[in-house]
Amino acid sequence: MKVVALAGGVGGAKLTDGLAELLSPSDLSIIVNTGDDFEYCGLSISPDLDTVCYTLAGLANPVTGWGQRDETWTVYDFVKNLGGPDWFRLGDKDLATHLYRTDQLAQGKPLSAVTQSLCNVWGVKHRVFPMSDDPVRTIVHTADQGSLSFQTYFVKKACQPVVESFEFKGVEQAKPVPDALAAIDKADIIILTPSNPWVSIDPILSVPGYRSALKKKVVIAISPLVAGQSLKGPAAKMYREIGIEPSASAVAFHYKDLLSGFVFDNQDCEEFEKIQQWHIITLLTNIIMSDEQDRIRFAEEILKFSEKVLIRSH
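The sequence shown begins at 100 in the numbering used here and counts up one residue at a time.
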């Protein structure tokens, strides 16, 4: 079975890591959100790409889920002492990634080629694609602090401003990475990982070409919410502030026009009938991935469920 996973940060990275343990490099490709990308201290930072790649490479910080394990902060501390910006923490190992990426992009190489080079060095065998080689920037429109770049909202403001809406600046001009579209074309199933629907998956789906490609495919999604709360990040808060009660069914409704299957947590069993009324095949299970074994266990369940959805969709 050939699978393409659409992923954002930590939740998406955990599931793709589990899938990568079970699927060969020829059977799994990952398309990653780059709406979070930004420039900081003159460097090109790709937070979600790095989180996914570090996780697949076994380099990720096991405590935070982002950044690298056994990190040091010498350069960050010196920059801070000099009076430079200090709201986005860059570890020394992480800094090497950003220096390399910035240099390669300045030489005219596309982000997809730079990502592949990094994966080659880190021993990541599965293909990881940025959603586009063109810059797309997520803007968070807030009720109390105006329009903020995503990382300003997410890190500098610690997700405190009240969200009104989202904009993906530059998305109309952006094009999908051709090899990513080709992977979708060859895929048996598309998995929308348990990443934030608003700011991790929607930016990918908003790049012209992806949504139309997915409508021809069997698509399943995994809820990032359990009992109305986010497993990680501000998804539940965003739903609430936009005026939607955060729930598994709210996530399913968000993707409803694309979905054949939906996976959500046992704690949300009361949502079962509501989701099934939309003729979506459902799987209730434990979606929390606390460790490596959980990732593999959950990935196995997802793949078995995918086979079931494929059979019922044809």
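Even glycine gets a Cβ: it sits at the ideal position worked out from N, Cα and C.
In terms of CA proximity to L210, F137 leads the group S322, F137, P161. Secondary structure at G110: helix, using DSSP grouped into helix, strand and coil. Residues of the same chain with a CB within less than 7 Å of the CB of V109, apart from the 5 flanking positions on each side, are T150, G164, W165, K331 in chain order. Taking a C-beta distance under 7 Å as the contact criterion, P260 and T237 do not qualify as a contact pair. About 5 Å separates the beta carbon of A104 from that of T292, a gap short enough to meet the 8 Å contact definition.
According to the DSSP secondary-structure assignment, I380 is paired through a beta bridge with G360. Taking A398 as the centre and dropping the five residues before and after it, the same chain places the C-beta of G117, L118, L121 closer than 6 Å to its C-beta, in chain order. Shown here for E340: same chain residues with a beta carbon closer than 7 Å to its own, the five before and five after excluded, namely V261, V262 in chain order. Judged by beta-carbon spacing, A156 lies within the 7 Å limit of G222, meaning their Cβ atoms are closer than that value. Measuring C-alpha to C-alpha distances from T133 to each of R396, A335, S248 identifies S248 as the nearest. Taking a 10 Å sphere around the C-beta of N295, we find 16 or more other C-beta atoms and assign the residue as buried.
Per the Cβ contact rule, the region 316 to 332 is in contact with the region 348 to 361 (3 or more Cβ pairs under 8 Å). When the Cα atoms are used, I387 and D393 turn out to be separated by approximately 7 Å. The three-state reading of DSSP puts P277 in helix, counting H, G and I together. Within the region 189 to 214, the complete alpha helix (DSSP H) segments of 4 residues or longer fall at 191 to 205, listed in chain order. When rounded, the separation of the alpha-carbon atoms in R168 and E344 is 36 Å.
As the crow flies, the alpha-carbon of Q215 is around 13 Å from that of S231. Collapsing the DSSP output to three states places A320 in a strand.
Secondary structure of Y139 (DSSP, three-state): strand. Ranked by Cα distance from T173, the options D185, L181, D191 are led by D191. Residue state for V325 is assigned as strand, using DSSP reduced to three classes. In this structure, the beta-carbon distance from D135 to K101 does not fall below 7 Å. For H353, the uninterrupted alpha helix (DSSP H) segment begins and ends at 347 to 353.
A residue is called buried when at least 16 other Cβ atoms come within 10 angstroms of its Cβ; D193 meets this threshold and is buried. Judged by DSSP in its simplified three-state form, R339 adopts helix. Less than 7 Å separates the beta-carbon of V227 from that of C152. Taking P146 as reference, the option from H378, S299, Y175 with the minimal CA-CA separation is S299.
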